[in-house]
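A short write-up of the structure that comes next.
Protein chains: 2
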Amino acid sequence: MNKVNLNLPAGKAGKRIVLVEDDPIIREAFTALINQSADYSVEKAYSNAEEAIKNISNDNSDIYLMDIELPGMNGIEAISKIKVINPKIRVVVVTVYENDDLVFKALCEGASGYLTKNIPPQKLIDSLKELEGGGAPMTTNIARMVVSSFHRNRQSPLSARELEVLELLASGKSYSSIADQLFVDKETIRSHIKNIYLKLEVHSKAEAIEKARKNKFI
Amino acid sequence: MNKVNLNLPAGKAGKRIVLVEDDPIIREAFTALINQSADYSVEKAYSNAEEAIKNISNDNSDIYLMDIELPGMNGIEAISKIKVINPKIRVVVVTVYENDDLVFKALCEGASGYLTKNIPPQKLIDSLKELEGGGAPMTTNIARMVVSSFHRNRQSPLSARELEVLELLASGKSYSSIADQLFVDKETIRSHIKNIYLKLEVHSKAEAIEKARKNKFI
DNA sequence: AGTAAATACCCCATTTTGGGTGAGGCGAAT
DNA sequence: ATTCGCCTCACCCAAAATGGGGTATTTACT
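Protein sequence lines correspond, in order, to chains C and F.
The end of the first sequence is residue 269 by this note's numbering, with every number in the run present.
The end of the second sequence is residue 269 by this note's numbering, with every number in the run present.
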């Protein structure tokens, strides 16, 4: 069985990339693919996040391709730690997972892109170019998920005014300040909120906000 | 001066697109470009949103290219109204504006993509393909803006625990329920919140949440 | 040794919240 | 024409939450 070379010689020209991927097959495939390109080369390829993080200053690369599922520290945590150490490093996730939660967590922690492993070879290289051009490379599905996450749900049982009130409530405002802002009496706001609770079948502010956020009413 | 033909004959094959764009030059350019492609044709080209909306059921197209700056109703409102009438219609914004506010407003109202008018011709056609493939076509800059909007700010003066508390507070929870959730005393939460107010230089929940959201601490 | 963080407790006064009930005006739909 | 939903406002009550003022202990890292 071949021992995978985790410390490839950086004898190739082009922008240097660091790869973090535990599957040796994929790691080698991506390395070969990237090294074939004119503009990029794999500086280092790690099989776990801990090693990659330990060597950040030595490697001195500002583009990381990061798997999510890794032995030990996972990719999300790894992004977080990398960004703390050097915020200029751009991390692109490359994974098999298209799970909502992982995508948004990765982006919140600072991922600059999110690709899936079934990406066609040329698209991977294109993605690196896009990244360097200030973009945020995403596969079709991920882009849809990201854009959809902004869409509000129009099937809301709440009236326009109620939505308005609930949004202000969700921003941490008190009944009185909502009333001031909407130029109505505090009692009016209380009425709206009571109706909101009725419609959403909840009994408190926190529940209402949670339900409304979950259903993207607000 | 040429009179622009706002009702082009649909004599061309391919998926039918509706265009809403007030500048006659750009309208004609996009129409010509799209009609040159094998897979798409411009069903109708409107110079304002009101007309486009009035004819939605007749036009029976499910892809709209929408400008933002329009005489009368603007593109954002138009997206909202279109989505109410028929949520299946996908609207892609095509505009000169790369302003954060407009981008996010358009996406919240239901835009499926956001392009800028300097887009290379082939890219526009590619974007339509991407849209049909379930994607969310965006120019490089817009993709970056969208992804950046998820990134949290690590330059926060707050400790990890304080961030945790503030996040729960921002989700509408009361001191007591935050305490329960974090398995500490309510008084501890109160202490944390006092420190948060000190650090953020605010004097109320709403202010703290607003400041933290604005600076993307949470 | 010093600092920051997390934890917990005390006091106080005020505001906020949730629930109940009722009611007038207004516009859209049947 | 009448009903219905929506927006508005009012008054009752009691519990909970909030903001501000303290102080103090333990842990952890430098």
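Built from N, CA and C at the ideal position, the CB exists for glycine as well.
For residue j and residue i, believed in contact at Cβ under 8 Å, the rounded distance
i      : j      : result
F/I33  : F/I133 : What is shown of chain F runs 52 to 269, which leaves residue 33 of chain F out entirely.
C/L219 : C/I247 : About 12 Å; that fails the 8 Å criterion.
C/V143 : C/S163 : 6 Å
F/G161 : F/I130 : 5 Å
F/I176 : F/S88  : 5 Å
F/V71  : F/L121 : 7 Å
F/I269 : F/L179 : The pair is not a contact, with the Cβ atoms about 37 Å apart (cut-off 8 Å).
Identified DSSP bridge partners for residue i
i      : result
F/L116 : F/L70 and F/V143
C/L166 : C/V145
C/V93  : C/I68
Collapsed DSSP secondary structure at residue i in the structure displayed
i      : result
F/A187 : coil
C/E101 : helix
C/E252 : coil
F/V216 : helix
C/E258 : helix
F/S228 : helix
F/Q206 : coil
F/N137 : coil
F/K180 : helix
F/K237 : helix
F/M196 : helix
F/V55  : Bear in mind that the predicted position of F/V55 carries a pLDDT of just 42, short of 50, making it too unreliable to give a figure here.
F/K267 : coil
C/P75  : helix
C/L121 : coil
C/G223 : coil
C/P172 : helix
F/P60  : With a pLDDT of 46 at F/P60, under the threshold of 50, the modelled position of that residue is not reliable, and the figure given next carries that caveat. F/P60: coil per DSSP, three-state reduction.
C/N109 : helix
C/N150 : coil
F/F155 : helix
C/G126 : helix
F/S242 : helix
F/F81  : helix
C/S131 : helix
Closer than 7 Å: residue i CB and nearest the ligand MN heavy atom
i      : result
C/K174 : Looking at this structure, you won't find the ligand MN or any other ligand, since it has none at all.
Interfacial residues, the segment 158-174 of chain F to chain C, with Cβ spacing under 9 Å: L158, C159, E160, G161, A162, S163, G164 and Y165
Contact set between the segment 223-257 of chain F and chain C, restricted to residues whose Cβ is under 9 Å from the partner: G223, K224, S225, S228, S255, K256 and A257
What residues in the segment 136-160 of chain C bring their beta carbon closer than 8 Å to a beta carbon of chain F? P138, F155, L158, C159 and E160
Taking a Cβ distance cut-off of 7 Å, strictly less, list which residues of the segment 201-224 of chain F are near chain C, in chain order. So the close ones are F201, H202, R203, R205, A221, S222, G223 and K224.
Short of 8 Å Cβ to Cβ, which residues in the segment 105-127 of chain F face chain C? none
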